[in-house]
Amino acid sequence: MKKIWRSFFLLIIAVIVVVSSLNIVSFAAGNTVLGINNKSPKVGDTVVITVTIRANEAMYATEAYLSYDKSVLKFENGTSANTDGDKIKIVGTPGGNDNQSYNLNFTVIAAGKSGITVSDASYVGQDMVSVTGSSFTLTVEEDVTSSTPSDTPSDTTSTPPSSNANLASLKVSGGTLSPKFDANTTSYTVTVANDVKKTTITATTADKDAKINGAGNINLNIGDNKRIITVTATDGTKKVYNLIIKRLSDEEPDDTSSDSTTSENPSEPSDPYAVMIDGVLYRIQTDLSGLTPPIGYNQTEIAYNGVTIPVYTDSGSKMMLYSLKSDSSEGDAQLYIYDSVKKQFKKIEFIETNDRFYIFTDLEKNVSAPSGFYEKHIEIEGKQIKAFAYKDNLLRDFYVVYCYTDGKYEYYRYDSKEQTLQRFPEFAPVISEETDAPVSSNDSEDAGLLEKFSALPENGKIVIIAIIIAAVSIIALIILLVIFIINRRDEDYKEGAFSTEDYGYDYSVDDAVPFDTVTKDITDTNTTEPQDE
Numbered sequence: 000m001k002k003i004w005r006s007f008f009l010l011i012i013a014v015i016v017v018v019s020s021l022n023i024v025s026f027a028a029g030n031t032v033l034g035i036n037n038k039s040p041k042v043g044d045t046v047v048i049t050v051t052i053r054a055n056e057a058m059y060a061t062e063a064y065l066s067y068d069k070s071v072l073k074f075e076n077g078t079s080a081n082t083d084g085d086k087i088k089i090v091g092t093p094g095g096n097d098n099q100s101y102n103l104n105f106t107v108i109a110a111g112k113s114g115i116t117v118s119d120a121s122y123v124g125q126d127m128v129s130v131t132g133s134s135f136t137l138t139v140e141e142d143v144t145s146s147t148p149s150d151t152p153s154d155t156t157s158t159p160p161s162s163n164a165n166l167a168s169l170k171v172s173g174g175t176l177s178p179k180f181d182a183n184t185t186s187y188t189v190t191v192a193n194d195v196k197k198t199t200i201t202a203t204t205a206d207k208d209a210k211i212n213g214a215g216n217i218n219l220n221i222g223d224n225k226r227i228i229t230v231t232a233t234d235g236t237k238k239v240y241n242l243i244i245k246r247l248s249d250e251e252p253d254d255t256s257s258d259s260t261t262s263e264n265p266s267e268p269s270d271p272y273a274v275m276i277d278g279v280l281y282r283i284q285t286d287l288s289g290l291t292p293p294i295g296y297n298q299t300e301i302a303y304n305g306v307t308i309p310v311y312t313d314s315g316s317k318m319m320l321y322s323l324k325s326d327s328s329e330g331d332a333q334l335y336i337y338d339s340v341k342k343q344f345k346k347i348e349f350i351e352t353n354d355r356f357y358i359f360t361d362l363e364k365n366v367s368a369p370s371g372f373y374e375k376h377i378e379i380e381g382k383q384i385k386a387f388a389y390k391d392n393l394l395r396d397f398y399v400v401y402c403y404t405d406g407k408y409e410y411y412r413y414d415s416k417e418q419t420l421q422r423f424p425e426f427a428p429v430i431s432e433e434t435d436a437p438v439s440s441n442d443s444e445d446a447g448l449l450e451k452f453s454a455l456p457e458n459g460k461i462v463i464i465a466i467i468i469a470a471v472s473i474i475a476l477i478i479l480l481v482i483f484i485i486n487r488r489d490e491d492y493k494e495g496a497f498s499t500e501d502y503g504y505d506y507s508v509d510d511a512v513p514f515d516t517v518t519k520d521i522t523d524t525n526t527t528e529p530q531d532e
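Residue numbers (numbering that gives the first Met the number 0): 0 to 532.
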């Protein structure tokens with residue numbers, strides 16, 4: 000019995016040790032720290048915001064997003080950083096360090112307050128780990144020149160500060176103001192199409208020395224997007240213009256196409272070469288003579304919007320590339336593809352290597368990372384590409400990307416160290432949608448549970464393991480208790496726990512019947528012949 004209790008206590012101690020060690024591991028997470036070189040900047044100053052990611056282990060890849068107010072700050076450049084929609088994305092390779100800092104350079108463009116926030120931060124160590132974000136608010140004070148008279152006689156011909164805080168014009172790309180602009184009208188609405196995800200607010204002041212706050216580029220959510228334009232006169236007088244930009248949903252009818260073209264090109268209301276992309280006006284290029292076609296592509300002409308335009312096509316005309324250039328950009332034209340279903344253009348990211356032209360495409364919608372991989376954005380020749388990364392640190396230089404080349408889409412393995420691509424036909428991503436192939440219910444359930452467990456964060460896996468260990472311990476305890484009860488009953492029985500006196504009988508040796516007498520009676524009874532009635 001003592002052995003059973005000793006085994007029970009040893010089991011409990013082992014469970015406590017295992018769970019305690021798991022709890023220690025679960026706290027091996029990291030955090031982010033924000034820093035700034037100038038806490039009281041003025042308009043026109045350059046500020047450097049430092050994002051530091053810390054961990055309790057070696058890091059081999061990091062990723063984080065930084066958001067800010069674009070009406071106050073303008074992003075210039077940064078370490079391992081690029082714009083991603085309305086945020087800045089940081090993707091780095093610390094190379095085994097337990098902390099890594101990234102410097103982001105901004106220019107202050109207007110007075111006001113800008114929240115600086117780091118979110119969705121993570122790193123890859125022994126596994127992929129999410130870390131806590133951080134934030135602070137940067138305040139840019141208005142630089143108002145003092146107009147207090149000095150003891151020195153002033154020039155009587157100088158102009159006194161103006162109180163004119165009116166706007167001379169107000170425009171929103173992709174839409175038309177309602178009502179029509181008037182300096183004395185301070186509330187306007189603008190409706191834009193669903194595909195207009197970004198717009199530019201342009202405003203000018205009646206007094207050239209007055210200041211504007213609230214204009215510039217903004218990202219649009221579906222529905223009402225409120226914006227306040229503040230004009231500050233030289234004497235400090237302020238006037239506020241309220242602007243509501245409504246972005247239509249997919250279900251709402253789009254009656255804004257003609258308005259958006261007119262607002263951007265009043266002289267060309269029906270320009271067939273004009274294209275609106277994310278609130279920015281682009282123009283399809285009709286002269287490709289100075290450009291070199293991509294490898295494997297030839298120039299041809301197609302009909303578009305009632306006109307004939309030149310495009311690049313591959314073998315069999317499976318892929319068509321358009322050359323577009325923004326009216327506001329001074330750079331070269333870029334290559335785009337046209338989605339005839341969504342009726343919109345999309346810029347392509349590509350690489351020319353191995354005497355081939357590879358177009359990077361988004362990962363398939365119905366697949367997710369298989370065991371041993373996770374999704375992340377990587378940089379290839381200055382382009383941000385979505386890829387599958389290895390969890391194994393020994394393979395951290397390799398990624399799996401999805402490309403179009405030679406008329407078909409395939410998975411390729413990219414070597415970031417040697418910057419080469421190699422076809423990867425054996426790669427098998429996890430298919431999230433049901434397939435036509437019959438699958439055993441037991442196999443599918445087991446695979447689903449394994450995939451769900453693999454997709455859990457490290458802390459989640461630890462909790463599941465702890466619950467399993469606790470359940471096994473409880474079952475073992477119940478078994479030990481049952482064994483203890485059975486053994487106790489056996490011992491009580493052997494010790495005479497059930498006395499014959501309890502039943503009112505006293506079987507003594509003197510009252511015993513000899514065995515041969517009993518057998519004789521039984522024999523006589525069995526041999527007696529039946530009597531006649």
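Backbone N, C-alpha and C define an ideal beta-carbon position, used for all residues, glycine too.
Taking the beta strand (DSSP E) that residue i belongs to, which residues open and close that run?
| i | result |
| --- | --- |
| R395 | Run containing R395: none; DSSP gives neither H nor E here. |
| T199 | 197 to 204 |
| G34 | 30 to 35 |
| S288 | Looking at the DSSP string, S288 is not in any beta strand (DSSP E), and its letter there is neither H nor E. |
| T131 | Unbroken run through T131: none, as it is neither H nor E. |
| K382 | 382 to 389 |
| N96 | That residue, N96, is in no beta strand (DSSP E); it is neither H nor E in DSSP. |
| I227 | 222 to 231 |
| N241 | 237 to 246 |
| G215 | 215 to 218 |
Three-state secondary structure (DSSP) at residue i?
| i | result |
| --- | --- |
| G315 | helix |
| N353 | coil |
| N486 | helix |
| A469 | helix |
| I478 | helix |
| I48 | strand |
| V462 | helix |
| Y272 | coil |
| G84 | coil |
| T307 | strand |
| D119 | strand |
| T404 | strand |
| F423 | coil |
| Y59 | coil |
| A302 | strand |
| F180 | coil |
| A167 | strand |
Look at the alpha carbon of residue i and the alpha carbon of residue j, and state the distance between them as a whole number of angstroms.
| i | j | result |
| --- | --- | --- |
| G213 | F105 | 17 angstroms |
| G371 | P424 | 17 angstroms |
| K210 | T233 | 8 angstroms |
| L72 | G114 | 10 angstroms |
| D277 | S322 | 17 angstroms |
| Y90 | G43 | Checking the sequence shown, residue 90 turns out to be Val, not Tyr. Cα to Cα, the separation comes out at about 28 angstroms. |
| N22 | I467 | Below a pLDDT of 50, predicted positions are generally treated as unreliable, and N22, at 41, falls in that range; no measurement from the model is reported. |
| Y413 | A164 | 57 angstroms |
| K364 | V400 | 14 angstroms |
| G84 | V471 | 49 angstroms |
| D361 | L287 | 27 angstroms |
| I350 | A205 | 49 angstroms |
| T352 | P369 | 27 angstroms |
| M318 | R282 | 20 angstroms |
| P93 | K179 | 54 angstroms |
| F344 | K237 | 41 angstroms |
| S161 | V230 | 12 angstroms |
Quick check on residue i: buried or exposed, where buried means 16 or more other Cβ atoms within 10 Å of its Cβ?
| i | result |
| --- | --- |
| Y101 | buried |
| E62 | buried |
| S314 | exposed |
| V239 | exposed |
| T404 | buried |
| T138 | exposed |
| S70 | buried |
| G124 | buried |
| Y408 | exposed |
| P40 | buried |
| T434 | Interpretation of T434 is limited by its pLDDT of 41, a score under 50 that renders its predicted location unreliable; no figure is taken from the coordinates. |
| S259 | Interpretation of S259 is limited by its pLDDT of 40, a score under 50 that renders its predicted location unreliable; no figure is taken from the coordinates. |
| A469 | exposed |
| T184 | exposed |
Next item on the list: May I ask you to verify whether the stretch 53 to 67 touches the stretch 370 to 388, counting CB pairs closer than 8 angstroms and requiring at least 3?
Entry: yes
Next item on the list: Count the C-beta pairs between the stretch 161 to 172 and the stretch 194 to 204 that are closer than 8 angstroms, then say yes if the count reaches three, no if not.
Entry: yes
Check: Quick check: the stretch 314 to 328 against the stretch 382 to 400, are there 3 or more CB pairs under 8 angstroms?
Finding: no
Next item on the list: Indicate whether the contact test is met: 3 or more Cβ pairs, each with one atom in the stretch 290 to 308 and one in the stretch 415 to 422, closer than 8 angstroms.
Entry: no
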